[in-house]
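Numbering (our numbering), first residue to last: 14 to 141.
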């Protein structure tokens, strides 16, 4: 399989996001454990957990795009995954670290983008 530039970029982004998820997870487990209370640490951990899940999903979506590189829906869905993952996880990271409840209001926007992305991919997989 020959990878075009878009696919290479998406794979590079997914690889970077995985490294970032590991780093932020380790930071939360070791660096924030003594600073945050249990509730805020759980919020932070939720951000890390979804960061990991959606990074794996980003790899999968990119490989699907490599198989169907003419699919605009998968291309758009990949961008929605990237944007949604950043909004969802980073709003939780910042909410926990900065203790700013207002940031929790934007978390569902990221979650909604992720749901839309995965529904688009489902549609594209099932489309004849």
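All residues carry an ideal CB built from backbone N, CA and C; glycine is no exception.
Checklist line | Under the three-state DSSP convention, the category residue 81 falls into | finding: coil
Next item on the list: Could you tell me the boundaries of the alpha helix (DSSP H) in which residue 28 lies?
Entry: Start and end: 18–39.
Margin query: Contact between the segment 95–107 and the segment 46–66 is defined here as three or more beta-carbon pairs at a separation below 8 Å; is this criterion met?
Written below: Touching, yes, given that three or more Cβ pairs across the two stretches are closer than 8 Å.
Check: Does the beta-carbon of residue 30 have 16 or more other beta-carbons within 10 angstroms, so that it is buried, or is it exposed?
Finding: buried
Margin query: Along the chain, where does the alpha helix (DSSP H) containing residue 133 start, and where does it finish?
Written below: 120–139
Next item on the list: Since I believe residue 90 is in contact with residue 74 (beta carbons under 8 Å), could you give me their beta-carbon distance rounded to a whole number of angstroms?
Entry: Contact holds; Cβ gap of about 6 Å.
Note to self: Tell me the rounded alpha-carbon separation between residue 17 and residue 68.
What the structure shows: 20 Å
Note to self: With H, G and I counted as helix, E and B as strand and the rest as coil, what does DSSP make of residue 48?
What the structure shows: Three-state result, residue 48: coil.
Next item on the list: Could you check if residue 51 is buried or exposed, using at least 16 other CB atoms within 10 Å of its CB as the buried criterion?
Entry: exposed
Next item on the list: Report back the beta-carbon spacing between residue 77 and residue 132 to the nearest angstrom; my notes put them in contact at under 8 Å.
Entry: Actually they do not touch by this definition, with Cβ atoms about 14 Å apart.
Check: Taking the alpha-carbon positions, what's the residue 48 to residue 121 distance?
Finding: Here the alpha carbons of residue 121 and residue 48 stand approximately 26 Å from one another.
Next item on the list: Give every residue of the same chain whose Cβ lies closer than 6 Å to the Cβ of residue 102, excluding the five residues on either side of it in the sequence, and list them in chain order.
Entry: 60, 63, 64
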